[in-house]
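Protein chains: 2
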Amino acid sequence: MTAQPTEAIHAGADRFSRRQVDKFAERRAQLAASALQTLSELGYARTSLREIAQNSEFSHGVLHYYFSDKNELIIHCVRQYKAECVTRYDEIVASCTNAAELAERFGAAMAATLRDEAHMHRLWYDMRSQALFEESFRADVRELDHGLEQMIWRIVSRYAELAGAVLAVSPAVAYAVFDGLFQQSLLAHLTGDTSSAGELQRNVQTVTAGLLLQHDRAAAGRTEADLEYSARPMAPPDSLERT
Amino acid sequence: MTAQPTEAIHAGADRFSRRQVDKFAERRAQLAASALQTLSELGYARTSLREIAQNSEFSHGVLHYYFSDKNELIIHCVRQYKAECVTRYDEIVASCTNAAELAERFGAAMAATLRDEAHMHRLWYDMRSQALFEESFRADVRELDHGLEQMIWRIVSRYAELAGAVLAVSPAVAYAVFDGLFQQSLLAHLTGDTSSAGELQRNVQTVTAGLLLQHDRAAAGRTEADLEYSARPMAPPDSLERT
DNA sequence: GCAATTCCTGGACGACTGTCAAGCTTTCGT
DNA sequence: ACGAAAGCTTGACAGTCGTCCAGGAATTGC
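And the structure:
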């Protein structure tokens, strides 16, 4: 019996622990993948460590060998998944040459995500709700949310640039709006509404265009406090590293 | 020992069961209030029936006397709470006389809700996430969502009417947008961001104005498929009855 | 090929869960 | 006031949970 490997390896930076770290991280990723599968199927409240282990090729005891407790496992899982998500739309941003094309491909990509990854995204929303209660989740969830916000901002600011216009909303608002749209569509989609993805695509296009600042915006709701948000260039998708 | 009261009373419409029904429903509401308190504090995943009972003046056994199981209790709770929510903004709609005032009071009311009822609303988002997994929650959650959508639509359609303009989005999109805004602000607020409520108020005002159809909307994103949504009168807040 | 280390299994633990039923107390109709 | 019904408490039940641990299996360094 030795000290907890989790501690042991993180502690010593021995010259020959390099390979061990690799193997260790590899198996962690493997177990996290199994956990993601289970979590996306059952949700946070109904997922047990034994269930996760049964969806892997290991026994339940091993989970405490690679993760200190259940929370660490789950946080690692969501982080692992969202690390892919935040770059999903960057290819579109890079390759589009006019605003209309960008809006259309953006909408199409969100609709495709809704169709293909509904289960994973419901897990994300589940985790974010948990963060509203569980203090220990908040920091990570907010960090991931911020990554998604930046992703959305790369899209809409590029859109404004291509349209030769200025955005009327902040990055936070832009993200909140598309997130709300997606979430509603997700619930409808999982309820069996097959037209949900199509509607999402159309709505994303419409709303994207609506984010641009209009010169003659209805005088009714205008105040001088309204800001214009320049389409400042934003760093590429690197900013989701472990803190 | 008799048959389950739940069944017995619902079944027979006896002439002298009237008072009993009243008392029965009254205690159900009382227990549901205790349950709401606990749920909003701990969240769905961590709330047990014993914990709920401890937050009431009864013992845990009584819960199965008034509710057939845990799910029925929880659904009853959320329904009871949201029944109040869907009328929260109607006074504003009724009393405002110009668009700018309506937008401002709408934003202020949402900010007040964020400050005063953050815990209850995080429960609502928790339940909605559960509905993404638990089939038995979906029907009720979608019904409540629909009630909220109508509430939002009453506001924005009245806003458009007062502004003498036409709305550019469907009821579903309008709701999704404000819901997304609120949810982001809620997470920030619970993290300790004290400026969150103020920002929400400002953002709600801005976005509300942005929902109106602009005549010169940027040509880039426009397709002939875009619709105009008339500010049709909508029924007052009665439509949340038990199905 | 041996010993040491790492990896993994499977069982055991105490705590907690939803559910239920036996029986006590209170309320109510007559 | 008395008996029946309703309302409520208490304890028990069969599971499940996260966690931990003793020890077998596999791998590694030499």
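So the protein lines, in turn, are chains A and B.
Residues in the first sequence are numbered from 1 upward in steps of one, following our numbering.
Residues in the second sequence are numbered from 1001 upward in steps of one, following our numbering.
All residues carry an ideal CB built from backbone N, CA and C; glycine is no exception.
All values derive from a computational prediction rather than experimental measurement.
Spatially closest choice to residue i from the options, by CA coordinates
{"i": "residue 1035 of chain B", "options": "B/1093, B/1123 and B/1168", "result": "B/1123"}
{"i": "residue 1027 of chain B", "options": "B/1073, B/1214, B/1066 and B/1186", "result": "B/1066"}
{"i": "residue 1134 of chain B", "options": "B/1229, B/1039, B/1044 and B/1112", "result": "B/1044"}
{"i": "residue 1126 of chain B", "options": "B/1089, B/1169, B/1040 and B/1029", "result": "B/1040"}
{"i": "residue 37 of chain A", "options": "A/68, A/85, A/59 and A/74", "result": "A/74"}
{"i": "residue 130 of chain A", "options": "B/1119, B/1029 and B/1072", "result": "B/1119"}
{"i": "residue 33 of chain A", "options": "A/76, A/115 and A/88", "result": "A/76"}
{"i": "residue 1116 of chain B", "options": "B/1060, B/1088 and B/1029", "result": "B/1088"}
{"i": "residue 1139 of chain B", "options": "B/1095, B/1071, B/1162 and B/1024", "result": "B/1071"}
{"i": "residue 1162 of chain B", "options": "B/1025, B/1146 and B/1101", "result": "B/1101"}
{"i": "residue 1152 of chain B", "options": "B/1092, B/1194 and B/1097", "result": "B/1092"}
{"i": "residue 81 of chain A", "options": "A/96, A/121 and A/46", "result": "A/121"}
{"i": "residue 1114 of chain B", "options": "B/1194, B/1024 and B/1061", "result": "B/1194"}
Contact under 8 Å by Cβ, residue i with residue j
{"i": "residue 1108 of chain B", "j": "residue 1183 of chain B", "result": "no"}
{"i": "residue 1167 of chain B", "j": "residue 1156 of chain B", "result": "yes"}
{"i": "residue 79 of chain A", "j": "residue 31 of chain A", "result": "no"}
{"i": "residue 1213 of chain B", "j": "residue 180 of chain A", "result": "no"}
{"i": "residue 208 of chain A", "j": "residue 106 of chain A", "result": "yes"}
{"i": "residue 1196 of chain B", "j": "residue 1185 of chain B", "result": "yes"}
{"i": "residue 1198 of chain B", "j": "residue 1111 of chain B", "result": "yes"}
{"i": "residue 205 of chain A", "j": "residue 83 of chain A", "result": "no"}
{"i": "residue 292 of chain A", "j": "residue 1177 of chain B", "result": "Lying before the first or after the last residue shown, residue 292 of chain A is absent from chain A, which here runs from 1 to 243."}
{"i": "residue 1192 of chain B", "j": "residue 210 of chain A", "result": "no"}
Delimiting residues of the alpha helix (DSSP H) encompassing residue i
{"i": "residue 182 of chain A", "result": "171-191"}
{"i": "residue 1098 of chain B", "result": "It is not in any alpha helix (DSSP H) - residue 1098 of chain B carries neither H nor E in the DSSP assignment."}
{"i": "residue 149 of chain A", "result": "135-163"}
{"i": "residue 66 of chain A", "result": "63-66"}
{"i": "residue 194 of chain A", "result": "No alpha helix (DSSP H) holds residue 194 of chain A; DSSP gives it neither H nor E."}
{"i": "residue 56 of chain A", "result": "Element bounds for residue 56 of chain A: n/a, residue is neither H nor E."}
{"i": "residue 69 of chain A", "result": "Here residue 69 of chain A belongs to no alpha helix (DSSP H), and DSSP marks it neither H nor E."}
{"i": "residue 1130 of chain B", "result": "1118-1131"}
CB-CB length for residue i against residue j, believed under 8 Å
{"i": "residue 99 of chain A", "j": "residue 159 of chain A", "result": "6 Å"}
{"i": "residue 1049 of chain B", "j": "residue 142 of chain A", "result": "About 32 Å; that fails the 8 Å criterion."}
{"i": "residue 1051 of chain B", "j": "residue 1042 of chain B", "result": "7 Å"}
{"i": "residue 1173 of chain B", "j": "residue 203 of chain A", "result": "5 Å"}
{"i": "residue 1069 of chain B", "j": "residue 1154 of chain B", "result": "No, residue 1069 of chain B and residue 1154 of chain B are not in contact; Cβ-Cβ is about 35 Å, not under 8 Å."}
{"i": "residue 1132 of chain B", "j": "residue 190 of chain A", "result": "6 Å"}
Residue i Cβ short of 7 Å to the ligand ATP heavy atom set
{"i": "residue 57 of chain A", "result": "The ligand ATP is not part of this structure, which contains no ligands at all."}
To be precise: take each residue of the segment 1113-1138 of chain B, compare its Cβ to all Cβ atoms of chain A, and keep it if any distance is under 8 Å. Which residues remain? 1122, 1125, 1126, 1128, 1129, 1130, 1131, 1132, 1133, 1134 and 1138
Going along the chain, which residues of the segment 1200-1215 of chain B sit with their C-beta nearer than 8 Å to a C-beta in chain A? 1202, 1203, 1205, 1206, 1207, 1208, 1209, 1210, 1211, 1212, 1214 and 1215
When you check each C-beta in the segment 1173-1190 of chain B against every C-beta of chain A, which residues fall closer than 9 Å? 1173, 1175, 1176, 1177, 1178, 1179, 1180, 1181, 1182, 1183, 1184, 1185, 1186, 1187, 1188 and 1190
Residues within the segment 31-45 of chain A neighbouring chain B, beta-carbon criterion of under 7 Å: 42, 43, 44 and 45
Taking a Cβ distance cut-off of 8 Å, strictly less, list which residues of the segment 1137-1156 of chain B are near chain A, in chain order. 1138, 1141, 1142 and 1145
Which residues, taken in chain order from the segment 1074-1101 of chain B, show a beta carbon closer than 9 Å to some beta carbon of chain A? 1098, 1099 and 1100
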